[in-house]
Amino acid sequence: MKIVSDGVRYHVDISGEGEPMLLLHGFTGSRETWKSLVPLLGSKHKLIMVDLIGHGDTDSPDDCNRYKIERVAKDLQHIIKVLELEKVDMLGYSMGGRLALTFACMFPQYINKLILESASPGLLTAEERRMRRRQDKELAERILHVGLNRFVDYWESIPLFETQRNLTAEQLRDMRKQRLSNSETGLANSLIAMGTGSQPSWWDELPHLDFPTLLVTGELDDKFCRIAGKMQKLLKNGDWQIIKGCGHAIHVEDIKKFGKIISRFLLKA
Numbered sequence: 071m072k073i074v075s076d077g078v079r080y081h082v083d084i085s086g087e088g089e090p091m092l093l094l095h096g097f098t099g100s101r102e103t104w105k106s107l108v109p110l111l112g113s114k115h116k117l118i119m120v121d122l123i124g125h126g127d128t129d130s131p132d133d134c135n136r137y138k139i140e141r142v143a144k145d146l147q148h149i150i151k152v153l154e155l156e157k158v159d160m161l162g163y164s165m166g167g168r169l170a171l172t173f174a175c176m177f178p179q180y181i182n183k184l185i186l187e188s189a190s191p192g193l194l195t196a197e198e199r200r201m202r203r204r205q206d207k208e209l210a211e212r213i214l215h216v217g218l219n220r221f222v223d224y225w226e227s228i229p230l231f232e233t234q235r236n237l238t239a240e241q242l243r244d245m246r247k248q249r250l251s252n253s254e255t256g257l258a259n260s261l262i263a264m265g266t267g268s269q270p271s272w273w274d275e276l277p278h279l280d281f282p283t284l285l286v287t288g289e290l291d292d293k294f295c296r297i298a299g300k301m302q303k304l305l306k307n308g309d310w311q312i313i314k315g316c317g318h319a320i321h322v323e324d325i326k327k328f329g330k331i332i333s334r335f336l337l338k339a
């Protein structure tokens, strides 16, 4: 289905029956990344899978400012209202996790439980954010200069995704197809306006979040394990699960284990 928010047409797929859960994919991903969760969670949960702005079948506006993470969080609020939901569980991966946390800090009244997979609250200092913005701008220019195919070749080779080389040929083909379904403009603008250096730092907000929060990281993803360890110390109602043998994208690398952990957390009173 299509839902229009502030001039942007969002593509939303809904599967399953039960308590509603909004699922937010990562950079270069799409709603398709969550389809393998439907058989695992769909009997007890209504899975609301959204193509984020600049990704999949959702619009990719030319205006960079339209991609600011706070504006996208407001789009999610609108989607929840259109679907006539009072509260949702929310699961976000990587960029989608930063967006989920942004939404939770801005609109905590809508959150039942929050799940952050390989996600960060942002960068602490203005200097760190400035340096990251410069890096993301250079990466965005690379996308526009070399084109989507060559950028995806590069993106698949970065150390963050090294563990994905152990996936099956079919999994790798599906992931590449997902990445290539995006637009150059959408990805470039997402990097510039929704990147880690462009968003607010939510570190100081973590102690004020009352709802249950689950952090999930792969044991081979050193950077995000360190971040999650710091986050858990600040969360008053936070749990942290480290998944053995996995890197950054646990939901791709071990979907069955990921599904069990998510299901157990959601069903816990």
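Per my numbering: the sequence shown = residues 71 to 339.
Backbone N, C-alpha and C fix where the C-beta goes; we use that ideal spot for every residue, glycine too.
For Ser-113, count neighbouring C-beta atoms within 10 Å of its own C-beta (all shown protein chains included) and say buried if the count is 16 or more, exposed if not. Exposed.
Just verifying my parser: in three-state terms, what is the DSSP assignment at Thr-233? Taken through DSSP and simplified to helix, strand or coil, Thr-233 comes out as helix.
Using alpha carbons as the reference points, say which of Asp-324, Gly-256, His-278 and Leu-250 lies closest to Asn-236. Comparing alpha-carbon positions, the option among Asp-324, Gly-256, His-278 and Leu-250 lying closest to Asn-236 turns out to be Asp-324.
I'd like to know whether the C-beta atoms of Arg-203 and Gly-265 end up nearer to each other than 8 angstroms. The answer is yes: Cβ separation under 8 angstroms.
Taking just the CA atoms, how far does Trp-225 sit from Leu-257? Near 12 angstroms, if we compare the C-alpha coordinates of Trp-225 and Leu-257.
DSSP three-state label for Gln-269, please. Note: Gln-269 maps to coil in three-state DSSP.
DSSP-derived helix/strand/coil call for Pro-90: Here Pro-90 carries a strand assignment [DSSP, helix/strand/coil].
Check whether the region 228-248 touches the region 262-277, counting contact only when three or more Cβ pairs, one atom from each stretch, lie closer than 8 angstroms. Counting Cβ pairs under 8 angstroms, fewer than three are found: no touch.
Length of the line joining the Cα atoms of Gly-167 and Ser-271: So the two alpha carbons sit approximately 13 angstroms from each other.
Per DSSP, which residues does Gln-311 bridge with? Please list them. Bridge partners of Gln-311: Val-286.
Name the one or two DSSP bridge partners that Met-160 has. BP columns for Met-160 point to Leu-92 and Leu-184.
Under the assumption that Leu-336 contacts Lys-183 (Cβ atoms under 8 angstroms), give the Cβ distance between them as a whole number of angstroms. In this structure Leu-336 touches Lys-183 by the C-beta definition: roughly 6 angstroms separates them, less than 8 angstroms.
Work out the CA separation of His-95 and Phe-314 for me, nearest whole Å. Sequence check: residue 314 is Lys here, not Phe. Distance between the alpha carbons of Lys-314 and His-95 is about 22 angstroms.
Look up His-81 in the DSSP assignment and say whether it is helix, strand or coil. Strand.
Which residues DSSP lists as bridging Met-75, in chain order: A quick correction: the sequence has Ser, not Met, at residue 75. Per DSSP, the beta-bridge partners of Ser-75 are Val-78.
Give me, in chain order, the residues of the same chain whose beta-carbon lies closer than 7 angstroms to that of Ile-73; leave out the 5 immediate sequence neighbours on both sides. Within the same chain, and ignoring the five residues on either side of Ile-73 in sequence, the residues whose Cβ sits closer than 7 angstroms to its Cβ are Tyr-80, Val-82, Ile-149 and Val-152.
Give me the DSSP bridge partner(s) of Lys-116. According to DSSP, which records beta bridges pairwise, Lys-116 is partnered with Pro-90.
My output table needs one value for Ala-15: the three-state DSSP class, helix, strand or coil. Because the chain here runs from 71 to 339, residue 15 falls outside it and cannot be looked at.
Determine the burial state of Gly-217: buried for a count of at least 16 other Cβ atoms within 10 Å of its Cβ, exposed for fewer. By the neighbour-count rule (16 or more Cβ atoms within 10 Å), Gly-217 is not buried but exposed.
Inter-residue spacing [alpha-carbon to alpha-carbon] between Tyr-137 and Ala-263: Approximately 5 angstroms, taken between the alpha carbons.
Please report how far the alpha carbon of Leu-290 lies from the alpha carbon of Leu-122, in whole angstroms. Each residue's alpha carbon lies about 27 angstroms from the other.
Integer-rounded CB distance, given that Thr-283 should sit under 8 angstroms from Asn-307: Between Thr-283 and Asn-307 the Cβ distance is about 6 angstroms, and since that is below 8 angstroms, they are a contact.
By how many angstroms is the C-alpha of Arg-199 removed from the C-alpha of Ser-333? Each residue's Cα considered, the two are about 35 angstroms apart.
In terms of residue numbering, what span does the alpha helix (DSSP H) encompassing Ser-253 cover? Ser-253 -> no alpha helix (DSSP H), and no H or E assigned at all.
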